[in-house]
Structure formats: structure tokens, C-alpha cells
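Undergrad: I'd like to ask you about the structure that follows.
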Ligand code: HEC
């Protein structure tokens, strides 16, 4: 067999695999479509999170600074009154950053939004045959 044909067959197979996988991902591949987009308050909270540089000490999904705990699921694990208390008053190790009341409302709403995007660390996960990692409580 001429080497040129071999290469074309391989390229063709890669092309077909790409098209099939792309079609899958864009139809039913991701769980993100089940999540409502951020509302204005949550988006304002994301801005507060940036403005006060919460990420310097906190993580989402394990990424961020390591002085404070991961906040991915702080709302479902501890409740929003608990989160609000830390943000409002600070503690011995977390500074009171002096947020205004509406900034606190927004950043707590943002934390609740992030909470809905998944669980960290992953629990009860299963690797699907097509390479996705699904959790038991994933809607997909
Ligand atoms: C200088 C570092 C630092 C910054 C900046 C910071 N935090 Fe913290 N945060 C901490 C530390 C340390 C703790 C743990 C305090 C404790 O347990 O006493 C904490 C705890 C928390 C908790 C409770 C988490 C839990 O699981 O107990 C929440 C919620 C929180 N911070 C939110 C925020 C938000 C929102 C911001 C930004 C507006 C922020 N933090 C900025 C250091 C920081």
C-alpha cells in the first residue's frame, strides 16, 4: 500500500471521530445546559468576589489561594446565614473586609450560584465510556 493512502485513511478516521464527538458534545454532552444563567445579582456578586480579591485566600474547585477554605459548596454544606456571618464580621483569621449590605447579598447569591455548578471534591463519580466524569447527582 502506498504511504499516501495510509495517511489519508488515518486523517479521514480522525475527521470522522472529531465530527461524531463534536456532535455528541453539542447535543447531550454537557450538564451545564441544565443550569440557569447567572442573574444580575449573582453577576454583581462575582464582581464583588473579584473586587475584594476573595480568591487570594479562597478556592473554587480547589483553585485559588490556600489561606481560607474552599467555597465551592459552602452554601449547601453550611447555609447562607453561616457564610453571611463570616463575610459580615470576619474572624481571627479572615479579615472583616467592610462590605456594604448589598455587596454581601450579592456575593452570597454568587456563592449559591457556584454551589449549583457541581460538587467539590467530587463524590460518587463514575467515568463514562466516552470519557466524561459523571456524579450520581448530575442531571445528565
Ligand atoms: C486574607 C484572606 C481572606 C480573604 C481576602 C477572604 N477570606 Fe474568607 N476566610 C478566610 C479564612 C482564613 C477563613 C477561615 C476563618 C475561620 O475559620 O475562622 C475564611 C472563611 C470564610 C468563609 C466560611 C467558610 C467555611 O467553610 O467555614 C466564607 C463564606 C468566606 N470566608 C467568604 C469570603 C468572601 C466572600 C471573601 C471576599 C469578599 C473572603 N472570604 C475574603 C480568609 C480570607
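Numbering (our numbering), first residue to last: 4 to 143.
Think of the CB as a built atom: it goes at the ideal place given N, C-alpha and C, for glycine as much as any other residue.
1. I'd like to know whether the C-beta atoms of residue 128 and residue 136 end up nearer to each other than 7 Å.
2. Could you give the first and the last residue of the continuous beta strand (DSSP E) run that contains residue 106?
3. In this structure, does DSSP put residue 125 in helix, strand or coil?
4. What are the complete alpha helix (DSSP H) segments, minimum 4 residues, inside the region 39 to 105?
5. So what does residue 130 bridge to, in DSSP terms?
6. Taking the alpha carbon of residue 96 as the reference point, which residue from 138, 61, 82 has its own alpha carbon closest?
TA: To lay it out plainly:
1. yes
2. Where residue 106 is concerned, there is no enclosing beta strand (DSSP E), although the alpha helix (DSSP H) it sits in stretches over 104 to 119.
3. coil
4. 43 to 54, 77 to 81, 83 to 92
5. 136
6. 61
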